[in-house]
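The structure appears below as structure tokens.
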Amino acid sequence: MGQHGRQLGRGAGAVCRPDGNLSADLIYCGSAIPEDPWSISAASPCTGDDDPACGPIGARGVGCGTYIDWCNLAGPPVEYAAAAGVAGPVTGYVQIIGVTSLAGATPGLLAQAGWGPSGSDPAGGGWLWTPAIYYRELHGLDVFRGWFTVGASGTYAYAFRYGFAGGPWVYGDLDGSDNGYQAAQAGQLVVGTASGTPDVQPAQLRLHAAQPNPFNPSTTLRFDLPTAGFARLAVYDLAGRLVRTLVSGPMEATAHTVTWDGRDDSGRPVSAGAYAVRLEADGQVRSQLLALVK
Numbered sequence: 218m219g220q221h222g223r224q225l226g227r228g229a230g231a232v233c234r235p236d237g238n239l240s241a242d243l244i245y246c247g248s249a250i251p252e253d254p255w256s257i258s259a260a261s262p263c264t265g266d267d268d269p270a271c272g273p274i275g276a277r278g279v280g281c282g283t284y285i286d287w288c289n290l291a292g293p294p295v296e297y298a299a300a301a302g303v304a305g306p307v308t309g310y311v312q313i314i315g316v317t318s319l320a321g322a323t324p325g326l327l328a329q330a331g332w333g334p335s336g337s338d339p340a341g342g343g344w345l346w347t348p349a350i351y352y353r354e355l356h357g358l359d360v361f362r363g364w365f366t367v368g369a370s371g372t373y374a375y376a377f378r379y380g381f382a383g384g385p386w387v388y389g390d391l392d393g394s395d396n397g398y399q400a401a402q403a404g405q406l407v408v409g410t411a412s413g414t415p416d417v418q419p420a421q422l423r424l425h426a427a428q429p430n431p432f433n434p435s436t437t438l439r440f441d442l443p444t445a446g447f448a449r450l451a452v453y454d455l456a457g458r459l460v461r462t463l464v465s466g467p468m469e470a471t472a473h474t475v476t477w478d479g480r481d482d483s484g485r486p487v488s489a490g491a492y493a494v495r496l497e498a499d500g501q502v503r504s505q506l507l508a509l510v511k
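Each residue of the sequence shown is one higher than the last, beginning at 218 in our numbering.
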């Protein structure tokens, strides 16, 4: 399939010029099946077959690199670990249109979780990579989970990378691979002391992205309290009605982790849909949306 055909299928921006031609030539990737009859024609997906405004529109490429359409580091944005221990799990998503939507792990698809110096290029060396394991299929995406073996105390960057069918690695950060890897969008790996206490004191009130999200049956919520005091963490429906109180009381100034099991305060499973989680502490509010899928 031509590379622009793949983009049209994803709805990623306009590739058709006003005169009906393509904004760039298609490049057709070589097939592994020798008898596959590839052909080049003047048929334009913008205006239909045999349009006189459309000249030759492509050439058959050689190899054509990766077939991965999109990938990311789903989170958590910050992972805490004890020194000389194992950190994780961390989660990443990857999409190959028409492939990862099939049930089960995708043959030939590799995923690795890695960590290295903050601000550095994960493709440039200095990172340690560990194979990630296939976890599940979710809405056409393959979901992977990975762990790190960490050492010296400090703050590092972490990310996922994916390869398919011998193609090059594609690097996934928190906002996905569409705009390439960006160091500012890497996960943060905080390695603390052997007792498991991070070296850094939270500098501000923060509600980290829920992991996983969307979720079923449960999701983990992490939040940082810069000062000790009363804190409240609760889940609401989109009409503003209270669904579940997760935390309500005095808490220490440190990082905290709470799990919501998709049930209300009466212990009943809630229906699939969108919910808001709200953190209140020190006169401030932080919130985010959660999606429960069934």
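Backbone N, C-alpha and C define an ideal beta-carbon position, used for all residues, glycine too. Predicted, not measured: the structure shown is a model, and the values here were computed from it.
- With a cutoff of 7 angstroms on beta-carbon distance, Gln399 and Pro293 are scored as not near each other.
- In terms of CA proximity to Gly371, Val295 leads the group Val295, Asn289, Leu459, Met468.
- With respect to the C-alpha of Gly309, the residue from Ser337, Tyr284, Gly363, Thr323 having the closest C-alpha is Gly363.
- A straight-line Cα-Cα distance of about 46 angstroms links Ala320 and Asp499.
- Excluding sequence positions up to five before and after Leu326, its CB lies within less than 6 angstroms of the CB of Phe381, all in the same chain and listed in chain order.
- By the Cβ-count criterion, His425 is buried, with 16 or more other Cβ atoms from all chains shown falling within 10 Å of its own Cβ.
- Residues of the same chain with a CB within less than 6 angstroms of the CB of Ala298, apart from the 5 flanking positions on each side, are Ala304, Val367, Val408 in chain order.
- Nearest C-alpha to Leu450 among Pro434, Met468, Thr444: Met468.
- Between Ala349 and Ala376, the gap from beta carbon to beta carbon reaches 7 angstroms or more.
- Annotated as distal: Lys511 and Asn396, with beta-carbon spacing of 7 angstroms or more.
- Linking Val494 to Ala470 through their CA atoms gives a straight-line distance of about 20 angstroms.
- If you draw a straight line from the Cα of Gly479 to the Cα of Glu354, it comes to about 20 angstroms.
- Cβ-Cβ separation between Thr347 and Ala328: approximately 10 angstroms, too far for a contact (criterion under 8 angstroms).
- Around the C-beta of Asp392, fewer than 16 other C-beta atoms lie within 10 Å, and the residue is accordingly described as exposed.
- Minimum Cα-Cα distance from Arg461 among the listed residues Pro431, Gln501, Leu507 corresponds to Leu507.
- Ranking His356, Pro431, Asn289, Gly315 by CA distance to the CA of Gly490 puts Pro431 first.
- Taking C-alpha positions only, Val464 is separated from Arg485 by approximately 18 angstroms.
- Taking C-beta atoms under 8 angstroms as the contact rule, Thr323 and Ile313 qualify, at a distance of about 7 angstroms.
- Cβ neighbours of Gln421 within its own chain (closer than 8 angstroms, five residues either side excluded): Asp441, Pro443.
- Relative to Asp286, the option among Val307, Ser337, Ser335, Val387 whose CA is nearest is Val387.
- Cα atoms of Asp482 and Ser435: separation of roughly 15 angstroms, rounded to the nearest angstrom.
- The beta-bridge partner set that DSSP reports for Gln405 consists of Val295, Ala374.
- Residues Val460, Gly479, Arg480, Asp481, Leu509 of the same chain have their beta carbon placed closer than 7 angstroms to that of Val487, with the five preceding and five following residues left out of the count.
- Closest by C-alpha distance to Tyr453, out of Ser394, Tyr492, Gly341, is Tyr492.
- Here Thr317 is near Leu358, since their CB atoms are less than 7 angstroms apart.
- CA-to-CA, the gap between Arg423 and Thr474 works out to about 12 angstroms.
- Judged by beta-carbon spacing, Gly343 lies beyond the 7 angstroms limit of Gly336, meaning their Cβ atoms are not closer than that value.
- Annotated three-state conformation of Asn289 is strand, per DSSP.
- Boundaries of the beta strand (DSSP E) around Ile350: 350-355.
- Runs of the beta strand (DSSP E) lying entirely within the region 435-474, each at least 3 residues long, are 436-441, 446-454, 459-468 in chain order.
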